[in-house]
Amino acid sequence: MARSRISPSAILENLLFVWFGFSAILLVGIEIASIPPFLQVLGRAHPLLLHFPIVLVMGGLLFWVLPRSYKSEAYAQIAPFLLLLGANFSGITVIAGLVLSSEGYEGDALFWHQWAGMITFWGGSFFYFFQKRKQNALQIPSILLMLCIVLTGHWGAAITHGEDFLLAPLKTAEPEVTLAEAEVFEHLVRPILQSKCESCHRDGKVKGELRMDIVEGLQKGGKSGPFILAGDLDNSLLIKRINLPLEEEEHMPPKNKTQLTEEEMNILTAWVNSGATFDQKVADLPEEHELFQFASKTFDSKQEYDFDAVSDEKLEELNTFFRKVNPIYPESPALELSYFGIAAFDPKSLSDLQEIRTQLISLNLDKMPLGNASLDFLNEFPNLEKLSLNFAELSQDKLERFPNIKSLKELSLSGIQLSQVALERISGMKNLEKLFLWQTGLSAEQKANLRAQLPNTEIDFGFDGSDVILPLNPPRIKQERILFSESLEMELSHPIPSVEIRYSIDGTEPDSLSSPVYESPITVTSSGKIRAKAFAKGWIGSQEVSSIFMKSGIKPTEYRLLTQPNPRYQGDLEETLFDQIKGENNHTSGEWLGYSEDPFVAELMLKESHSISELAISLLYNESAYIFPPTRVEIIGWKNGKSTIIHSEKPEQSEKIGEIRSELLSYSLKDADFDKIQVKLYPIQSLPPWHPGAGAKGWVFVDEILLN
Amino acid sequence: MEKEFLEHGLSLNRRKFLSRLSLGLGSAALGSLLIPDLFSGKSEAEDAIMAALPHFAPKAKRVIYLFQNGAPSQLESFDYKPLLQKNYGMDLPESIRMGQRLTGMTAGQDKFPLVGSYYDFNQYGESRAWISSIFPYTAKVVDDICIIKSMHTEAINHDPALTFFQTGAQVGNRPSMGSWLSYGLGSENNNLPAFCVLLSRGRGNGQGVYSKLWSNGFLDATHQGVQFSNSEDPVLYLRDPHSMSRNERRKMLDHIAAMNDLSFKEFNDPAITAKVQQYEMAFRMQTAVPEITDVSKEPDSIVKLYGPDCLVPGTYAANCLLARKLSESGVRFVQLYHQGWDQHDNLPSQMAMQAKDVDQASAALITDLKQRGLLDETLVIWGGEFGRTNYCQGKITLENYGRDHHPRAFSIWMAGGGVKSGMVYGETDEFGYNITENPVHVHDFQATILHLMGIDHERLTYKHLGRRYRLTDVSGHVVKDILV
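Protein chains in written order, with the working numbering: chain A, 2 to 709; chain B, -14 to 469.
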């Protein structure tokens, strides 16, 4: 038996599947594929390869199109093979095309070309397998396939030669329009109507009896009524229809057509609103007019600068960690450059800028220690528009020879002391639009002169502040603790180093004349309160800060509360008073006893050996939480069953909502030896009228009683 | 018999088909070798997106966002409504409320008594904008700012509203605005992070700030906001360890880099190079940050301008000053948060304190940027996450009241960087409850910021979990009316 030979057809049939798989995967992932060079070569062979399938597939398909009488035996035998060979070449061509498309092709033509090509390949292959089984009724499919091949070719040509290539000889070329020549209707409005409306509203296809390809049609309107009413947005059908929700049947353009962009809608609206004229020139409109703005975007965005861009390599070379140079936006040839990092600055690096002298339009050297470096080189920068030297260190003689850069529009010299000579240099720069001269040490007269010399320049001398008188912020008191046993050291400080801090520890209010000036840490040995204020020339004295310090004293033998605190704030009951723990400035911390309904009454039993000279009560004030000073403090001493009122006084009452703070009320007991002392504190019964809770009951919070 | 033949033929065909299909599959597999990331989920021609940024000439290069955390009342700041003072105590008409949902805090109230501003209003500047008496410094710079009175949002509680403002979504898994800008535009100054965060706290009722607000979300971790601390070391762990010299640190980094390079050669993992770059950035920050955080060289007039608190670390004034210093050094996005604006009660006393803390320094920032020639290229934003109700929450008296959250209308201001100055945009009804003119949604606001930075908000995207995300989600229109 003869060994079966693999026929070429079988190989080609199998190969078809290879192309299928390969093209499918490329179709899905070509955008993210990394193509090796040899495949790239295949891709670039696409324009060569494509001729094979066109000829072969067409040649094969023609067989089924021809009338029966023209079909010879030989053709019948060769046609399927031609088709098979052609289908294989389509596969290869499709793959090559997909690879080529990754080299930056895009657009509608590519989309259609790609899919038509795929259909040719799939259709041709399917047709090949199908014709093996069934021979009749293949005429129409083969004609369709041939049409598909033609279209593929057409769209392919559109990619390489441009969309209008084929019919271009039949059209007249349109000249470029500049902003000065542009007309509102002709160049802003009409192109929108042409691209989005005219396909259905034109000669030959007058939907809704509306023609939009001629001015008369626009003026006349369609069957639903007037189309454009000058200045009347609510009744102009054009505006009404485009603003309907997309789902509405009357929304235009219809849902399945390309929609107007936001900007296009804005242009149409502005046009109707401003009178819907047909012969208005853009240049005649005021500059702030909406249509002018749109037009300037469309027609003037061409190019602001006509010099060539610097190469990317050069830019990369100039960019360091301490120097940033970049185009002002991606396509612009104009460059801006900033230096950062004072410590890393080297004036020599400025010479690198010569390479971009044409392109540089903005240079920022803020704070850089330029020292003796000369700025003369900037004279050779023909397009420099903006120069910023705020707080740069620059020698006076260099300033006095400041380059007169003709192109400069904006100059910032804030923080640089300018001599009269330097100032005169600057006053010669008549082209400046903006000049920033804050903190340049100029007198009022110099400023006025400069303004007179540069009448067209916006000059900002900035904020001076010497005539502004503000209150200082209060000093800070730093003490490690409030309760101490032997002595306590306290430090005062203020964020502004030059201020004077005055303080008192004897309870008097500190003032700027007689109170001691703080110089070094203060050491105290008995309970009290430090009060301090900050003063400085040109400032209003600060508000007072104060802080208490408490010497821990004798614990009575026995003590109890005669009235109960509010259950929410009962701490450790009477133990709280002598636990030697100073409560935090937070009444809910559990270290405080709170009284509102009843007065606070505590009884302390003393031994004979206790000779008490002073009693101090530590309180919390927080007006916004209704916690006020007690209205009355009573201290009653008992000796052998007889009572004496030692103190009964009203502490200073709050007059506004203040910070949350601790307060210490100290009372001398005149060394009398009592065997029992009663302390009574009366909470405020009706909050003052200025308080948000006016009329409500206030609170007293106590956390410690100190006996010394 | 015929049937068997047919079946044989069919099965043969099926087998043949399958075997041929495997050929196709094989070639597909071969093809997939060309596409390394096809099945890994990561992909996207991100480089192409990035190369095109910015999309057009930017108006602003940098942003300073003064976020007033807790939502300051628009009715006591920029939205003057005399009708509310006239109709004091009257119930909010249902025709105005129109079914607006309420928070749990006032949903139980049986009455919604209208209450007007406790403070007086006056008109200022050429724009004749109304500003309340507790913002005297802002009133002085009114011709440099653009007040938007028609902001509205979707959220009604602090956390979702804040998150919405910062990330464009109410749930917290998206990148913050600063992270998007860092991703899109990178840093101007390679020695500093592109996105810095500064926190301060006022004396009014406060709401929390969380690090998710400056999170990079699904973007690379280098885009996360760097929070500056209020302590002596503004950036933690930046100093060299005790007794380690700068040279030793340099040598150590070089050695680590050499080792990292070896493992990069072995594994080709880009995360390794990213790490090396971060070490280097931190090394450069060691000199850059002290240069910037040193306020001792600021002239006296700056202390007068911002107020003396600007020298007390951690205050809002100090943060404004630091924000200026960071911004002028090329930090793309400086985000401040100032807490304490949640006046559900005690509004008259608390709001005055809050305003006192921020008013001078906020206005100072504008003046300061201006006198350096920087305001034109720096966008400054001031505002909270929503507004406050025109009716009182809780007990109402002539001297005291509170306001609940209100998402339908509130005021913010923007200045510099391509925004019209001396403008008041948008209008609310005479109850200050609904917007009647030019509404600005949070996504519109975000789209506008990106636009000013030269970015088309629809094109700055990042593919994550199978879809492209953007800051403005699926909406947002640039508010062209406020652009220069």
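No residue lacks a Cβ here, since even glycine has one placed at the ideal position from N, Cα and C. Source: prediction; values computed, not measured.
Residue i - DSSP class collapsed to helix/strand/coil
{"i": "Ser302 (chain A)", "result": "Summary for Ser302 (chain A): the model assigns pLDDT 48, below 50, so the residue's position carries little reliability; its value from the coordinates is reported in the next sentence. Reduced to three states, the DSSP call for Ser302 (chain A) is coil."}
{"i": "Arg569 (chain A)", "result": "helix"}
{"i": "Ile706 (chain A)", "result": "strand"}
{"i": "Asp327 (chain B)", "result": "coil"}
{"i": "Leu234 (chain A)", "result": "coil"}
{"i": "Ile116 (chain B)", "result": "strand"}
{"i": "Ser25 (chain B)", "result": "With a pLDDT of only 47 at Ser25 (chain B), under the threshold of 50, the placement of this residue in the model should not be trusted; the figure read from the coordinates follows. Reduced to three states, the DSSP call for Ser25 (chain B) is coil."}
{"i": "Val701 (chain A)", "result": "strand"}
{"i": "Trp691 (chain A)", "result": "coil"}
{"i": "Asn384 (chain A)", "result": "coil"}
{"i": "His188 (chain A)", "result": "helix"}
{"i": "Arg532 (chain A)", "result": "strand"}
{"i": "Arg317 (chain B)", "result": "coil"}
{"i": "Ala174 (chain A)", "result": "With a pLDDT of only 49 at Ala174 (chain A), under 50, the local geometry of the prediction cannot be trusted, and the value read off the model is given with reservation. Coil."}
{"i": "Glu592 (chain A)", "result": "coil"}
is_contact[residue i, chain A] using C-beta, thresh 9 Å
{"i": "Asp330 (chain B)", "result": "yes"}
{"i": "Ile287 (chain B)", "result": "yes"}
{"i": "Phe41 (chain B)", "result": "yes"}
{"i": "Asp353 (chain B)", "result": "yes"}
{"i": "Glu276 (chain B)", "result": "yes"}
{"i": "Ser28 (chain B)", "result": "Bear in mind that the predicted position of Ser28 (chain B) carries a pLDDT of just 43, short of 50, making it unreliable; the figure below should be weighed with that in mind. Chain A contact via Cβ: present."}
{"i": "Ala314 (chain B)", "result": "Going by the sequence as given, residue 314 (chain B) is Ser instead of Ala. It does; some Cβ of chain A falls within 9 Å."}
{"i": "Ala45 (chain B)", "result": "no"}
{"i": "Lys134 (chain B)", "result": "no"}
Neighbour flag for residue i against chain B, beta carbons, 9 Å
{"i": "Glu265 (chain A)", "result": "no"}
{"i": "Asp367 (chain A)", "result": "yes"}
{"i": "Ala374 (chain A)", "result": "no"}
{"i": "Val58 (chain A)", "result": "no"}
{"i": "Trp272 (chain A)", "result": "no"}
{"i": "Leu473 (chain A)", "result": "yes"}
{"i": "Trp691 (chain A)", "result": "yes"}
{"i": "Phe323 (chain A)", "result": "yes"}
Residue i, enclosing alpha helix (DSSP H) - first and last residue
{"i": "Val95 (chain A)", "result": "Glu74 to Ser102"}
{"i": "Thr352 (chain B)", "result": "Leu332 to Gln356"}
{"i": "Tyr301 (chain B)", "result": "Tyr301 to Glu313"}
{"i": "Cys131 (chain B)", "result": "Unbroken run through Cys131 (chain B) is the beta strand (DSSP E), Ile130 to His137; no alpha helix (DSSP H)."}
The beta strand (DSSP E) enclosing residue i, as first and last residue numbers
{"i": "Lys315 (chain A)", "result": "Looking at the DSSP string, Lys315 (chain A) is not in any beta strand (DSSP E); the run it does join, the alpha helix (DSSP H), is Asp313 to Leu319."}
{"i": "Pro261 (chain B)", "result": "As written in the sequence, residue 261 (chain B) is Val, which differs from the Pro given in the question. Where Val261 (chain B) is concerned, there is no enclosing beta strand (DSSP E), although the alpha helix (DSSP H) it sits in stretches over Pro255 to Thr278."}
{"i": "Gly638 (chain A)", "result": "Arg633 to Lys640"}
CA nearest to the CA of residue i, picked from the options
{"i": "Phe323 (chain A)", "options": "B:Leu307, B:Asp294 and B:Thr272", "result": "B:Thr272"}
{"i": "Ser281 (chain B)", "options": "B:Ala256, B:Thr382 and B:Lys310", "result": "B:Lys310"}
{"i": "Lys135 (chain A)", "options": "A:Lys224, A:Pro81 and A:Ile618", "result": "A:Pro81"}
{"i": "Ile502 (chain A)", "options": "A:Pro38, A:Phe279, A:Leu286 and A:Pro475", "result": "A:Pro475"}
{"i": "Asp474 (chain B)", "options": "B:Ala259, B:Arg188 and B:Leu223", "result": "Any question about residue 474 (chain B) goes unanswered here, given that chain B covers just -14 to 469."}
{"i": "Leu223 (chain B)", "options": "B:Tyr322, B:Ala267 and B:Pro298", "result": "B:Ala267"}
{"i": "Ile531 (chain A)", "options": "A:Ile523, A:Gly542 and A:Ser548", "result": "A:Ser548"}
{"i": "Phe23 (chain A)", "options": "A:Phe53, A:Ile96, A:Ala75 and A:Pro38", "result": "A:Ile96"}
{"i": "Phe90 (chain A)", "options": "A:Lys258, A:Leu49, A:Ile636 and A:Glu217", "result": "A:Leu49"}
{"i": "Ser167 (chain B)", "options": "B:Gly315, B:Gly358 and B:Ile351", "result": "B:Gly315"}
{"i": "Gly125 (chain A)", "options": "A:Val703, A:Phe112, A:Ile55 and A:Ser396", "result": "A:Ile55"}
{"i": "Pro668 (chain A)", "options": "A:Glu635, A:Tyr683 and A:Ile193", "result": "For the record, residue 668 (chain A) in the displayed sequence is Tyr; it is not Pro. Out of A:Glu635, A:Tyr683 and A:Ile193, A:Glu635 has the C-alpha closest to the C-alpha of Tyr668 (chain A)."}
Name the residues in the segment 614 to 639 of chain A whose C-beta lies less than 9 Å from a C-beta of chain B; which are they? Ser625
For the segment 335 to 366 of chain B, which residues have a beta carbon sitting closer than 7 Å to at least one beta carbon of chain A? Thr352, Lys355, Gln356, Arg357 and Gly358
Return the residues of the segment 166 to 182 of chain B that lie within a Cβ-Cβ distance of less than 7 Å from chain A, sorted by chain order. Glu173, Asn174, Asn175 and Asn176
Taking beta-carbon pairs under 8 Å, can you tell me which members of the segment 433 to 459 of chain B lie near chain A? Gly439
Give, in chain order, every residue of the segment 423 to 446 of chain A whose Cβ lies closer than 7 Å to some Cβ of chain B. Lys435, Phe437, Trp439 and Gln440
Give the residues from the segment 154 to 170 of chain A that approach chain B closer than 7 Å (Cβ to any Cβ), ordered along the chain. Within the segment 154 to 170 of chain A, no residue has a Cβ that lies closer than 7 Å to any Cβ of chain B.
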